[in-house]
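Student:
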Amino acid sequence: MPALLALLSSLIWGTSDFLGGTATRRIPGPVVVGLSQLVALLALAPIAVLVGGDGTSYVVPGIAAGMVGCVSLAAFYRALATGTMGVVAPIASLGVVVPVVVGLARGEAPGTLQVVGIALAVVGVVLASGPELSGAAGARPLLLSAMSALGFGTALVLVAQGSRGGGIGRVLLVLTVMRMSSVLLLTVLLVLTRSWRLPVSGRDLPVLAAIGLGDVLANAAYGVASQGGLLSVVAVLGSVYPVMTVLLARQLLHERLRPIQLAGVGTALAGVVLLAAG
1 MPALLALLSS
11 LIWGTSDFLG
21 GTATRRIPGP
31 VVVGLSQLVA
41 LLALAPIAVL
51 VGGDGTSYVV
61 PGIAAGMVGC
71 VSLAAFYRAL
81 ATGTMGVVAP
91 IASLGVVVPV
101 VVGLARGEAP
111 GTLQVVGIAL
121 AVVGVVLASG
131 PELSGAAGAR
141 PLLLSAMSAL
151 GFGTALVLVA
161 QGSRGGGIGR
171 VLLVLTVMRM
181 SSVLLLTVLL
191 VLTRSWRLPV
201 SGRDLPVLAA
211 IGLGDVLANA
221 AYGVASQGGL
231 LSVVAVLGSV
241 YPVMTVLLAR
251 QLLHERLRPI
261 QLAGVGTALA
271 GVVLLAAG
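Residue numbers (the working numbering): 1 to 278.
(1) When the Cα of L150 is compared with those of L73, A277, L185 and E108, which residue comes out closest?
(2) Using only CA atoms, which one of I260, I211 and L248 lies nearest to L41?
(3) Are the segment 214-232 and the segment 168-181 touching, with three or more C-beta to C-beta distances below 8 Å?
(4) Quick test of your reading: V264 and V126, contact by CB under 8 Å. State the CB separation rounded to the nearest angstrom.
(5) DSSP on G95, reduced to helix/strand/coil?
(6) Taking C-alpha atoms, which residue in A277, F18, F152 and G214 lies nearest to L252?
(7) What is the C-beta distance between T245 and G95, in whole angstroms, given that I count them as a contact (C-beta under 8 Å)?
(8) Give the secondary structure of M1 by DSSP, where H, G and I count as helix, E and B as strand, and everything else as coil.
(9) Would you check if the distance between the CB atom of L113 and the CB atom of A3 is smaller than 8 Å?
(10) Give a single yes or no on whether I47 has its beta carbon closer than 7 Å to a heavy atom of the ligand SAM.
(11) Is DSSP giving L237 helix, strand or coil here?
(12) Take V272 and list the residues in its own chain whose beta-carbon comes closer than 8 Å to its own, dropping the five residues that flank it on each side.
(13) What do you reckon, are the CB atoms on P99 and V157 nearer than 8 Å?
(14) Please report how far the alpha carbon of R203 lies from the alpha carbon of L35, in whole angstroms.
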């Protein structure tokens with residue numbers, strides 16, 4: 001069950017990223033993130049209060065995950081704006097290595113099939129992101145993309161840590177705190193950059209709501225999966241969402257995938273099969 005939930009989180013995250021990518025063609029990235037995160041918070045808060053949970057050990061990981069995730073996303077967007085996407089995106093996708101290392105350092109011992117599956121899934125995600133070995137990139141975009149990778153991976157670890165030992169109630173509480181901190185930080189960013197002054201049409205609101213609700217469902221599935229599975233396995237299964245994004249882009253936007261991306265999709269799926277079998 002943890003493996004299925006983690007994979008479900010990837011499918012939903014990939015769909016949300018696809019919707020977010022199409023929305024940012026019309027709306028500034030910070031506005032898309034800010035409004036979708038606000039929707040997520042409004043959906044989460046009342047449910048979390050009703051379900052409840054014991055203790056307060058989720059508070060610090062939740063705040064940290066929200067802040068780290070927000071800063072990482074800002075760094076990622078800046079890296080995309082100033083660098084080559086084919087260089088930036090694959091580096092950022094390496095964030096999954098962080099929870100794998102943390103899980104192994106904690107004494108987790110995945111089986112042989114799972115180890116091979118982890119390796120294939122990580123390589124597949126990087127290839128599916130469309131790496132360009134000959135692409136020009138300055139030092140700043142490379143640094144920003146590396147920062148975003150570290151941050152994304154750290155956020156996965158923090159969400160898993162805050163979700164431990166409290167059932168679905170604990171997961172909802174840590175996600176609510178996470179969204180509160182990220183919305184606060186994003187609000188400050190929007191005010192400072194005056195991005196909030198830019199109009200958002202009524203036709204964009206359903207898409208923004210879908211992005212926010214999708215993020216809630218994906219995080220909840222990942223949080224519950226982390227309660228019952230190995231972090232090193234669950235985090236990898238929850239991080240193959242770029243595969244879903246590129247497949248949606250191909251089917252709905254008719255974007256042509258390069259051979260290296262097709263190879264990445266196949267490699268990642270092979271890794272998923274081995275992880276599930278293990």
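From the three backbone atoms N, C-alpha and C, an ideal C-beta is built for every residue, glycine too.
Only a predicted model underlies this, so the values are computations on that prediction, with no experimental measurement involved.
Tutor: The structure says:
(1) L73
(2) I211
(3) They touch, by the three-pair rule.
(4) Just to set this straight, residue 264 is Gly in the shown sequence, not Val. Right, their Cβ atoms sit about 7 Å apart.
(5) helix
(6) F18
(7) Actually they do not touch by this definition, with Cβ atoms about 15 Å apart.
(8) coil
(9) no
(10) The ligand SAM is not among the ligands present in this structure, which contains no ligands whatsoever.
(11) helix
(12) Taken in chain order, the residues that qualify are L7, G117, A121, L237 and V240.
(13) In contact: P99 and V157 (Cβ atoms closer than 8 Å).
(14) 14 Å
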